[in-house]
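Worksheet: one structure, shown below.
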Amino acid sequence: MAAPRASLRLVAPVWNRGTSGIRGLSKAVDPEGSQRKGRTLLQFLTDHFYDVEAVREYLLRKQVLKVQKKNRSFTYIEERYGPYVAGAYFVLKQGGAVKFRDREWMRANEQGLSSLEFRKLQEVPVEAVDASGCAINYQGLDNLLALKELQSLSLQRCPHVDDWCLGRLYHLADSLQELSLAGCPRISERGLACLHHLQNLRRLDISDLPAVSNPGLTQILVEEMLPHCEVLGADWAQGLKVGPEEQSPDAAGSPIPA
464 MAAPRASLRL VAPVWNRGTS GIRGLSKAVD PEGSQRKGRT LLQFLTDHFY
514 DVEAVREYLL RKQVLKVQKK NRSFTYIEER YGPYVAGAYF VLKQGGAVKF
564 RDREWMRANE QGLSSLEFRK LQEVPVEAVD ASGCAINYQG LDNLLALKEL
614 QSLSLQRCPH VDDWCLGRLY HLADSLQELS LAGCPRISER GLACLHHLQN
664 LRRLDISDLP AVSNPGLTQI LVEEMLPHCE VLGADWAQGL KVGPEEQSPD
714 AAGSPIPA
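Here our numbering is used: the first residue of the sequence shown is 464, the next is one more, and so on.
Below is the structure:
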């Protein structure tokens, strides 16, 4: 019985951090204690890690619900003030910024927007949206696709913007001229291929997309797909492999080592 006692002495100080259930563990598995030796250390650890997994799943579900709540449509605002105000309200609630036509950039403050301001802006189109770092997802795009005069859209570093989201941007094809997708972790080549609808684009930032496997080749394909658009990609050309015909004359004429 010496080996079990030694192992328990090593484990107990690690887990004993003021929790009554942990303190009870040493009594439950003490070989010199009562007859409740059936609850072994292995069983306790199994129960404990099951609880940790349950907590992890709970927190994950809570986070998903939080994102869904942020991306709901503000139907009551749209019915009362129109799609421009509803779309702006959605972006401001997310922590982004909007620019109405012939107005300065607007960001949310502690007071928010008053109903009087809503009435003044309900007929003014939104021409630019900066949603950098916001939690916009596929569902939340409904609030932006109604902005038919939108010219500039920044979705930089949006963690929930994916290929499916890009497939919906064709609704803005008639107006959108600038689009930034830089730093979006869930965008791949498949999503970028959907941008062929946006022939009015004049500037597209697709730098720092970790899900794109061959950034250099992808940038070239996007440039061919959107010939009138300036495509930005941070040093992506360096990722291209150099073919034999592109090697320097010195490298081509150098002797092959034995």
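Glycine included, C-beta positions come from ideal geometry on N, C-alpha and C.
Keep in mind it's a predicted model, so treat the numbers as computed, not measured.
Cβ-Cβ distance between residue i and residue j below 7 Å
i: residue 643; j: residue 682; result: no
i: residue 667; j: residue 624; result: no
i: residue 679; j: residue 657; result: no
i: residue 588; j: residue 612; result: yes
i: residue 590; j: residue 570; result: no
Cα-Cα separation, residue i to residue j
i: residue 544; j: residue 627; result: 29 Å
i: residue 593; j: residue 520; result: 32 Å
i: residue 475; j: residue 551; result: Any reading at residue 475 must be qualified, since the residue scores a pLDDT of 34, below 50, and its modelled position is unreliable; no value is offered.
i: residue 617; j: residue 641; result: 8 Å
i: residue 556; j: residue 637; result: 26 Å
i: residue 553; j: residue 689; result: 30 Å
i: residue 659; j: residue 528; result: 33 Å
i: residue 610; j: residue 633; result: 12 Å
i: residue 669; j: residue 530; result: 24 Å
i: residue 539; j: residue 581; result: 13 Å
i: residue 548; j: residue 650; result: 29 Å
i: residue 675; j: residue 584; result: 40 Å
Residue i - DSSP class collapsed to helix/strand/coil
i: residue 565; result: coil
i: residue 637; result: coil
i: residue 689; result: coil
i: residue 498; result: With a pLDDT of 44 at residue 498, under the threshold of 50, the predicted position of this residue should be treated as unreliable, though the coordinate-derived value follows. Correct three-state label for residue 498: coil.
i: residue 485; result: Residue confidence for residue 485 is low, a pLDDT of 33 falling below 50, so the modelled location carries little weight; the figure read from the coordinates is stated next. Note: residue 485 maps to helix in three-state DSSP.
i: residue 570; result: strand
i: residue 591; result: strand
CB-CB length for residue i against residue j, believed under 8 Å
i: residue 672; j: residue 647; result: 6 Å
i: residue 597; j: residue 558; result: 6 Å
Residue i at chain D interface by Cβ criterion, 7 Å
i: residue 549; result: No chain D is part of this structure, which consists of one protein chain only.
*Counting Cβ pairs, one atom from each stretch, are 3 or more of them under 8 Å apart for the segment 524-538 and the segment 599-611?*
Here the segment 524-538 lies against the segment 599-611, with 3 or more beta-carbon pairs under 8 Å apart.
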